[in-house]
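In what follows, a structure is listed as structure tokens, so that the remarks can point back to it.
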Amino acid sequence: MNKSKLQQELKQNHPFDSAATEAVISIHRTADRIRARLNALLRSFQLTTQQYNVLRILRGAGETGLPTLEIRQRMIESNPGITRLLDRLVTKGLVHRQRCPTDRRQVLCWATPEALELLARLDQPVVEINRQMMAVLDEDQQQQLIQLLDLVRSTVGTV
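Numbering (the working numbering), first residue to last: 70 to 228.
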């Protein structure tokens with residue numbers, strides 16, 4: 070029996086117990102490679118992928134800003150330590166926070182002008198990395214991949 074490409078990459082001698090197991094491990098392996106590629110770019114800007122994600126979320130929120138918990142809900146990777154993550158971005162001068170005047174329990178956050186400038190410098194390089202990583206698939210295949218991953222996520226639920 071021929072080994073799958075994933076078995077070869079992992080130097081695995083025995084077949085996976087099911088196609089479902091191989092698919093899940095393949096998703097993890099692929100996500101790790103994609104994350105590593107993006108991390109290499111972001112490191113040169115002194116950012117982590119999670120910090121970059123927060124800044125993009127805040128840029129999208131505009132001048133109204135967002136409460137801390139709303140940022141956490143919108144993140145690509147869940148992060149229970151959102152306060153510490155925001156603390157680091159405040160220290161870097163990339164996020165501004167203040168208590169909500171109408172609900173003192175909420176803390177509102179905004180991207181600073183420095184953050185918006187940094188994101189503008191990152192936009193094209195990130196688009197290029199994404200394009201390069203997906204170049205092996207044509208447009209229809211990319212759309213099919215998106216739909217398949219949407220379907221899988223819809224059955225998994227949230228944590």
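The beta carbon of each residue, even a glycine, is placed where N, CA and C say it ideally should be.
Can you list the alpha helix (DSSP H) stretches of 4 or more residues lying completely in the stretch 109 to 172, in chain order? 118 to 130, 137 to 143, 151 to 160
- Message: Comparing C-alpha positions only, which one of S113, D86, Q76 sits nearest to R190?
- Response: Residue 190 sits at position 121 when you count from the first residue of the sequence shown. Of the candidates S113, D86, Q76, the one whose C-alpha sits nearest the C-alpha of R190 is S113.
Within the stretch 166 to 220, ranges of the alpha helix (DSSP H) (whole runs, at least 4 residues) = 182 to 203
Check your understanding: Looking at C-alpha atoms only, which residue of K74, A105, N82, R98 is the closest neighbour of I198?
Key -> Taking the sequence shown and counting its residues from 1, the one referred to as residue 198 is at position 129. The candidate whose alpha carbon is nearest that of I198 is A105.
#### Entry: Neighbourhood of E132 by C-beta, 8 Å cutoff - its chain only, sequence neighbours within 5 removed
As a first step, residue 132 is located in the sequence shown; it is residue number 63 there, counting from the start. The answer, listed in chain order, is W179.
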